[in-house]
Structures are given as C-alpha cells and as structure tokens.
Amino acid sequence: MLAEQPRTVSPPAANGQRLRVLVGAYTLSPARGSEPGVGWGICHALAQHHDLTILCAKGMPGGQETAFETEINAYIAKHGPIPGMTFHYVPRPKLSQWFQKERELFRRTVYYMGYKRWQKSALAEARRLHAEKPFDIAHQLNITGFREPGYLWKLPIPFVWGPIGGGANIPFAYFPIMGWMDRIFYTIRNLTNEVQKRTVFRCRRAAAAARHLWTVGHQSTRMVEQIWGYPSEVLLEMGCMPRPDARTRERDPSRPLRIVWSALHIGRKALPILLRAMQTLGPDAPVELAVLGSGPLTDQWKAEAERLGLGKKVRFTGGLPLQGALDEVRRADVMAFTSIQEGTPAAVLEALSLGVPLICHDACGMGVAVDQRCGIKVPMVSISESVAGFAAALRRLIDEQDLLGRLSAGALVRSQELNWEHIGRRIARVYQEIAAGKSR
1 MLAEQPRTVS PPAANGQRLR VLVGAYTLSP ARGSEPGVGW GICHALAQHH DLTILCAKGM
61 PGGQETAFET EINAYIAKHG PIPGMTFHYV PRPKLSQWFQ KERELFRRTV YYMGYKRWQK
121 SALAEARRLH AEKPFDIAHQ LNITGFREPG YLWKLPIPFV WGPIGGGANI PFAYFPIMGW
181 MDRIFYTIRN LTNEVQKRTV FRCRRAAAAA RHLWTVGHQS TRMVEQIWGY PSEVLLEMGC
241 MPRPDARTRE RDPSRPLRIV WSALHIGRKA LPILLRAMQT LGPDAPVELA VLGSGPLTDQ
301 WKAEAERLGL GKKVRFTGGL PLQGALDEVR RADVMAFTSI QEGTPAAVLE ALSLGVPLIC
361 HDACGMGVAV DQRCGIKVPM VSISESVAGF AAALRRLIDE QDLLGRLSAG ALVRSQELNW
421 EHIGRRIARV YQEIAAGKSR
C-alpha cells in the first residue's frame, strides 16, 4: 500500500510551462499497491510539473466497481484538491464488465478483451475532451503490460507510452522448482508471450506512433528494441517512499546474519533456492531466516526447510499486517529475493528505503533497481547456479566484515534515486523535450 502523500500548491515546471497532459491510467488509487499504486504514484509525482487529466476506471472488476473513485474522493476529502490532477472516470462498458468477472481461469483467458473494450471508451472520451480544450501530450500509463497499448496514440498530438512491462518469461531451466500446474501455466504463458510480442500489430503501431517509450527491465527493453525495432528508456514503474527511521547496518559477528524473505508463497517466488543455498553453507553457518507471507506452498516449503535440516534456522511468520512486515524487514541485515518473474517488486523497494541491502536475480525490475552499491545480483541461468550464487553472496556477507555496512549505505542512496519524485522528474523532462521538438 502506498503511504499517504499530502500535497500543497504545485510549483510551475522548471521552464515555467505547465503542459496539458492526457493520461490513460486504467487503475488508479492512493490506497493500493500494484497497478493502482503505480498509476497514482506516477501521476501524483508528475502533477508537480504539469497539469494532468487522467482517464481511469471507477474501480476494479468483481464487486469493487467504484473502489478507485471512493478511495480518491476520500483522499481529497482529507487533503483537499490535488493541484495538477483532474480525474475523468470512464465507465466500464457492459461487455467489459462481463468479460472481467472474477472467475480466475476464465478471467485469465478473456480479461484483456474487456480491457480493450474499456480502452475504446477511453478514446471516445479523450476525443471529446481534446475537442473542448486541446492537450499537449497523451500518455498511455497503465496497465503496464505490453499486450494492450490503448488507443490514445490515435489522437493528433504527441504520444508517449510506458513504463511497458510483461516482456519477461520464466526460463524453462527453472521449471523443476515449480509444481506441475505452474509448469503447464508458464509453458503456455511463455509461448503465448513470444507469439504476442511478434503478432499483436496494434502494439507495434502504438510504438511507432510514440515519441518516447519507457520499459520495465531489460527483457522488456529487448522486446521493444530488438523485436519491435524502436528505442526505449529503462524506467521502473514503482517508486520508493522515504522512511525517516531508515538506518545503515553493520555486521555484528556476535550473532547470526539475519535474512528476510518476503513474497506470496507461490512457485515463481522460488524460496527453495534460498533454502538450498543456506544448506550449502553448512550446519554451522551463522545465518537465520524470517520467511514473511503465506500462500498455497507454505506447508510444502516448511517441510522442505525441515528436510534440509534448517528447522531451527528458518522462521515462518505467516501473513502479517503492513507494519508487522516492515518491522521484520527493519530487524534484518539483508533481504534475499529469489523470485524468477516480477515487475518491480514493492518488497525490494521497501527494503532499500529502510537501508536493507539485497541479494536477488539479475532480472526483471529488481535487476534494474539493485546495483553494485546496494546489493549482490545473481545471474538467472539455472537452479543450481542460482543456489550457488545466493550461497556465495551470503558467505561474503558473513566473512567480509565491512561489506554489509557499504551495501546498506548504498541502499539508502539508491532509494533516493528511485523515489516517486525522481520518476516524475524523468517523465516530465521528456514531456518538455517533446514540447520543444527535441524527441523523435
């Protein structure tokens, strides 16, 4: 969940010109994470520089039809009107509502059909608003997946798109770490992903029309640049929130190295990689692990920890409220994040904002968020190489007494570089370059 972000009067843009920007943000809420939080965080930061008119849905499919509108109104009632942000709620057409009913397997199949129908309604509203008072730029913001670029690129004004995600696949080498249902699902997803990257013609048309493209992670960058043939800029879709209680950590050799792991307990989060890495270190290695969260694989992972002889070193906390989860991260020396498919994980950004360094795969959004100053990245090649890489990283943190302190200080620096305001400034700068005729 995003922390509340009260606002004062917006300053003018750096050159005194506040552009009129039309933003397509299907999901938008100050009270949620994931895609609604992405929409809110980026728009909230951008409104410091330009005047945004935001096309968004009133709420989520499946019993929350007005949730976003309610949460935004509650925020405004508490903090007052938000300078630079004007909301236009585009109702979901009946066909869209039917396609997006909460039936998990059914919804996976046809969700985007309903989403596409909403985007067509958003284009009609965009044309009406543009005719009344023209905009300077149109920005397709979310949902961030590449499959649905919307239709704002059809407006007769400069268009930008991103951050664009969804280009990453799970390498088949990692399938043995998942259950059979996950293997079947991600086999289909991987193959579908590769077909859609090459055959969804509207994505290429939107990319061709765009004056600027942003991508989440190197896999999505390769999709845009090598398959579609257009330049892009890497930009994470999630931002860090400042934490006044953040501190740097130092290695205390009198106690075990405290590791925290936080994610939903499902196959692609790949906790067994970390458990096997801890076993590799040997029974006398001074490490302890707090496993946050819960899910369908909790019992299986508990059994694996016992089988590997780690029962006394691993503590499963279960699902915790936000404050309890943050307290566990604050207590830790390092976060190990083993996931093999992500966008930009909120858990990684929370850790950085608290001064907790990372061990993670060099892939997806975490591969961009984490650099050599704030963590240790492991190549995502195979299960055995990941186990060896995580084990080697833990061994370094145990043996090199000053390494934890250096990485912890680097985490705080990196979190400042990845905050929402920084994301907003980067996007706002591109808007200004386009207005000045400096972008493609």
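In UniProt numbering, the protein residues as written are 1 to 440. From the three backbone atoms N, C-alpha and C, an ideal C-beta is built for every residue, glycine too. As the structure is a prediction and not an experimental result, all values here were calculated from the model.
Check                                                                                                                                                                                   : Outcome
Look at the alpha carbon of TYR26 and the alpha carbon of PRO163, and state the distance between them as a whole number of angstroms.                                                   : 14 Å
Express the C-alpha separation of PHE146 and GLY165 in angstroms, rounding to a whole number.                                                                                           : 6 Å
Helix, strand or coil for GLN432? Go by DSSP, reduced to three states.                                                                                                                  : helix
Compare the beta carbon distance of THR248 and GLY389 with 8 Å and say whether it is the shorter of the two.                                                                            : no
For a quick check, are the C-beta atoms of residue 445 and LEU394 less than 8 Å apart?                                                                                                  : No answer is possible for residue 445: the residues shown for the chain start at 1 and end at 440.
The alpha helix (DSSP H) that contains GLU288, what's its start and end?                                                                                                                : Taken as a continuous stretch (DSSP letters only), GLU288 belongs to no alpha helix (DSSP H), being part of the beta strand (DSSP E) at 287 to 292.
How would you write the range of the alpha helix (DSSP H) that SER384 sits in, first residue to last?                                                                                   : 383 to 399
Between the beta-carbon of ILE266 and the beta-carbon of GLY295, is there less than 8 Å?                                                                                                : yes
Could you tell me the distance, in whole angstroms, from the CA atom of GLU302 to the CA atom of LYS312?                                                                                : The sequence given here has Lys at residue 302, not Glu. Cα to Cα, the separation comes out at about 11 Å.
When DSSP labels each residue in this structure, what does GLU233 get in the three-state scheme?                                                                                        : strand
Mapping DSSP to helix, strand and coil, what is MET178?                                                                                                                                 : coil
Expressed to the nearest angstrom, what Euclidean distance is found between the alpha-carbon atoms of ILE427 and TRP420?                                                                : 11 Å
Check the DSSP bridge columns for ALA25 and list the partner residues they point to.                                                                                                    : ASN142
Would you call the CB atoms of ALA47 and GLY84 closer than 8 Å?                                                                                                                         : yes
Identify whether THR280 lies in helix, strand or coil by the three-state DSSP scheme.                                                                                                   : helix
Is there contact here, the stretch 333 to 349 with the stretch 230 to 248, by at least three beta-carbon pairs under 8 Å?                                                               : yes
Looking only at its own chain, which residues have a Cβ that is under 6 Å from the Cβ of GLY318, when we skip the five neighbours before and after it?                                  : SER294
For GLU288, which residues in the same chain have their Cβ closer than 8 Å to its Cβ, ignoring the five residues on either side in sequence?                                            : PRO256, LEU257, ARG258, ILE259, LYS313, VAL314, ARG315
Looking only at its chain, what residues have a beta carbon closer than 6 Å to the beta carbon of TRP214, apart from the 5 residues adjacent to it on each side?                        : GLY162, PRO163, GLU233, LEU235
Give every residue of the same chain whose Cβ lies closer than 7 Å to the Cβ of ALA210, excluding the five residues on either side of it in the sequence, and list them in chain order. : TRP153, PHE159, VAL160, TRP161
Expressed to the nearest angstrom, what Euclidean distance is found between the alpha-carbon atoms of ARG251 and ILE170?                                                                : 34 Å
With 16 as the cutoff for other CB atoms within 10 Å, does ARG414 come out buried or exposed?                                                                                           : buried
Hey, out of SER339, LEU308, SER353, GLU306, whose CA is closest to VAL329's CA?                                                                                                         : SER353
Using the beta-carbon count (16 or more within 10 Å), is ARG429 buried or exposed?                                                                                                      : exposed
If the criterion is Cβ atoms closer than 8 Å, does the pair VAL356 and ALA336 meet it?                                                                                                  : no
From TRP261 to HIS88, what does the alpha carbon distance come to, in whole angstroms?                                                                                                  : 39 Å
On the three-state DSSP scale, how would you describe ILE427?                                                                                                                           : helix
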